[in-house]
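Everything on this sheet refers to the single structure shown next.
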Amino acid sequence: MEIIRTGTTVRIGGAVICAVDQSAFMRILIYTGKGGVGKTSVSVATAIKCAERGLRTIVISTDSAHSLSDSVDVAIGPSIRNIAKNLDGLEIDILKELEENWNDIRKYIFSFFASQGMDEISAKEMAVFPGMEFIAALFYLGRFYSGDEYDVVVVDTAPTADTLRLLSFPDVADWYFQHFYGLMKNFIRVARVTVGRVVSIPLPPEEVMREFERFNLRIKSVRKLLTNPEITSVRLVTNPEKMVISETMRAYTYLSLYDLNVEALIVNRVHSKNPLNTNEGKIREQENYIEMIESAFHPLKIFYSKLFPLEIVGLESVKRLGDELFGDTDPSVIFSRENPLKIVSKRGNTSIQLKVPFANRNEVELYTTRDTIVVGVGQYRRTIALPLGLYGREVESAEISDGVLKIKFREDSDAGGKEKRPAGRKGKRGY
Ligand SMILES: Nc1ncnc2c1ncn2[C@@H]1O[C@H](COP(=O)(O)OP(=O)(O)O)[C@@H](O)[C@H]1O
Ligand SMILES: [Mg+2]
Numbered sequence: 020m021e022i023i024r025t026g027t028t029v030r031i032g033g034a035v036i037c038a039v040d041q042s043a044f045m046r047i048l049i050y051t052g053k054g055g056v057g058k059t060s061v062s063v064a065t066a067i068k069c070a071e072r073g074l075r076t077i078v079i080s081t082d083s084a085h086s087l088s089d090s091v092d093v094a095i096g097p098s099i100r101n102i103a104k105n106l107d108g109l110e111i112d113i114l115k116e117l118e119e120n121w122n123d124i125r126k127y128i129f130s131f132f133a134s135q136g137m138d139e140i141s142a143k144e145m146a147v148f149p150g151m152e153f154i155a156a157l158f159y160l161g162r163f164y165s166g167d168e169y170d171v172v173v174v175d176t177a178p179t180a181d182t183l184r185l186l187s188f189p190d191v192a193d194w195y196f197q198h199f200y201g202l203m204k205n206f207i208r209v210a211r212v213t214v215g216r217v218v219s220i221p222l223p224p225e226e227v228m229r230e231f232e233r234f235n236l237r238i239k240s241v242r243k244l245l246t247n248p249e250i251t252s253v254r255l256v257t258n259p260e261k262m263v264i265s266e267t268m269r270a271y272t273y274l275s276l277y278d279l280n281v282e283a284l285i286v287n288r289v290h291s292k293n294p295l296n297t298n299e300g301k302i303r304e305q306e307n308y309i310e311m312i313e314s315a316f317h318p319l320k321i322f323y324s325k326l327f328p329l330e331i332v333g334l335e336s337v338k339r340l341g342d343e344l345f346g347d348t349d350p351s352v353i354f355s356r357e358n359p360l361k362i363v364s365k366r367g368n369t370s371i372q373l374k375v376p377f378a379n380r381n382e383v384e385l386y387t388t389r390d391t392i393v394v395g396v397g398q399y400r401r402t403i404a405l406p407l408g409l410y411g412r413e414v415e416s417a418e419i420s421d422g423v424l425k426i427k428f429r430e431d432s433d434a435g436g437k438e439k440r441p442a443g444r445k446g447k448r449g450y
């Protein structure tokens with residue numbers, strides 16, 4: 020039987036059949052990790068292997084210190100450029116994207132805060148709220164997904180801290196829009212009722228409000244792509260070095276907290292994998308770290324690459340890294356589908372289970388409101404919207420075992436009761 024690719028229009032016996040789900044096959048592979056571990060090289064290597072398998076692939080860089088061009092030795096820029104057969108590249112210029120796509124909103128927010136008496140410089144800072152510079156990258160993912168140009172999008176990211184902000188952004192956006200947008204809506208209503216008494220404050224023009232709404236919807240749909248394990252895989256790139264491993268572990272915790280499917284680990288720059296390497300001391304030192312990595316990240320799929328004697332520059336050289344890492348394995352495959360967040364309901368007892376690998380009991384905090392539960396690990400916060408049946412329910416217990424935070428809720432006795440119920444004393448509890 021012939022397989023019909025979705026998104027294509029097929030003519031059968033005079034009738035036109037259009038496959039509905041446009042992008043059932045598109046994969047988003049996000050590589051993240053500490054600076055210098057090999058994210059750019061591994062991203063390009065993955066993209067080359069995918070392109071060679073006939074998959075239409077684009078590698079995009081969201082790191083403002085773009086090094087895609089250096090890696091492939093071809094000048095890539097802020098517009099999509101073809102690099103090889105089935106392979107395109109793009110280095111996103113965030114400022115350019117913001118100016119071109121969101122300037123109206125930016126200008127309005129600026130004038131709004133300025134009208135409140137804020138000085139010019141602070142008002143401009145308010146207009147660029149945290150994470151805004153990363154939205155452009157997320158929107159590209161949305162655009163590629165709804166189009167039919169690519170089978171695989173490989174995302175080469177900035178070093179871990181920035182990337183975590185990028186990946187958590189859809190949560191921040193939700194908060195931002197609910198509060199800021201709600202405030203503005205209220206404000207406009209009051210302003211209109213009091214007929215011009217508040218004229219000193221500029222009302223957002225209709226088109227700005229509509230742009231806000233479109234903006235929010237698009238962010239929401241990108242979040243869905245990021246948390247769908249069939250579409251998006253996040254892969255951690257690490258090296259067998261103490262400090263790099265610690266950062267990789269932290270990144271794994273936070274990524275899990277944001278529902279992202281981390282399904283593979285790349286251990287790059289391994290001395291012992293190069294038979295010509297005679298640095299015995301380094302080989303032995305790395306052996307210990309590799310053991311540590313294997314036990315800590317089990318059961319993640321792990322790929323290794325040797326430390327090459329020279330820098331990896333140019334398509335041929337990066338392709339060798341791809342061969343070394345993946346061999347005959349298709350790198351676009353999903354190596355694990357397990358979602359880090361689970362809501363389990365058994366005979367009236369409901370629990371939320373969240374993978375928080377490497378978090379220790381003292382780091383995790385819980386807060387509840389009527390319809391959400393906030394899990395904090397270190398400085399990061401994750402708000403989980405509760406299903407309707409859990410509204411207003413008290414937390415009975417919360418414990419971490421085997422890297423899973425299990426939050427049990429009391430059986431439903433007085434649902435819809437108080438507005439705010441603390442998970443423990445003072446609404447905050449450390450575990
Ligand atoms: N396995 C490897 N062996 C030798 N050099 C490598 C290896 N992986 C990466 N490099 C080199 O290390 C430097 C940093 O790699 P890069 O991919 O740019 O890291 P990142 O994007 O994480 O900052 C580059 O010069 C690259 O050519
Ligand atoms: Mg890089």
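What the sequence shown shows, in the working numbering, is residues 20 to 450, in sequence order.
We put the CB at the ideal spot given by N, CA and C, even for glycine.
For LEU295, the shortest separation between its Cβ and any heavy atom of ligand 1 does not lie below 8 Å. PRO406 is not a Cβ neighbour of ASP278, given a cutoff of 9 Å. DSSP links LYS292 through a beta bridge to no other residue.
Per the coordinates, the alpha-carbon of ILE302 lies some 18 Å from the alpha-carbon of LEU329. For ALA66, the enclosing alpha helix (DSSP H) stretches over residues 58 to 71.
Each of GLU306, ILE47 and SER355 was checked against the Cα of VAL78, and the nearest Cα belongs to ILE47. In its chain, beyond the 5 residues on either side, SER252, PHE354 and SER355 have a beta carbon closer than 6 Å to the beta carbon of GLU282. The C-alpha of LEU274 is placed about 19 Å away from the C-alpha of ILE426.
Residue environment analysis places MET45 among the buried positions, since at least 16 neighbouring C-beta atoms fall within 10 angstroms of its C-beta. According to the DSSP assignment, GLU225 belongs to the alpha helix (DSSP H) that extends over 225 to 246. Take PRO259, set aside five residues on each side of it, and the residues of its chain with a beta-carbon closer than 7 Å to its own are VAL286, VAL289, GLN305, TYR308, ILE309 and ILE312, in chain order. Spanning the alpha carbons of ASP349 and ILE331 requires a straight line of approximately 21 Å. In the three-state reduction of the DSSP assignment, ARG125 falls in the helix class, which pools H, G and I. In this structure, SER98 keeps its C-beta atom at 9 Å or more from the C-beta atom of VAL173. Within the DSSP secondary-structure output, GLN372 pairs in a beta bridge with LYS361 and LYS425. Counting the other Cβ atoms within 10 Å of the Cβ of PRO224 gives fewer than 16, which makes it exposed.
A Cβ-Cβ separation of about 24 Å leaves PRO248 out of contact with LYS53 under the 8 Å criterion.
Collapsing the DSSP output to three states places VAL337 in a helix. Between PRO376 and THR272, the C-beta spacing is below 9 Å.
ARG72 sits close to SER351, with the two beta carbons spaced by under 9 Å. Pairing LEU276 with VAL363 gives a Cβ-Cβ distance that is not under 9 Å.
Placement of the Cβ of PRO259 at a distance of 8 Å or more from every heavy atom of ligand 1 is found.
Residue pairing of ILE331 in beta bridges, as defined by DSSP: absent, with no partner found. In this structure, DSSP gives VAL93 a state outside helix and strand, which the three-state scheme calls coil. In the three-state reduction of the DSSP assignment, ASN287 falls in the strand class.
Between PHE345 and LYS68 a beta carbon distance of about 5 Å is seen, short of the 8 Å cut, so the two are scored as contacting.
Here ARG162 carries a helix assignment [DSSP, helix/strand/coil].
In this structure, THR391 is the residue among SER240, LYS261, THR391 and LYS325 with its C-alpha nearest to the C-alpha of THR402. With fewer than 16 other Cβ atoms inside 10 Å of its own Cβ, GLY300 counts as exposed.
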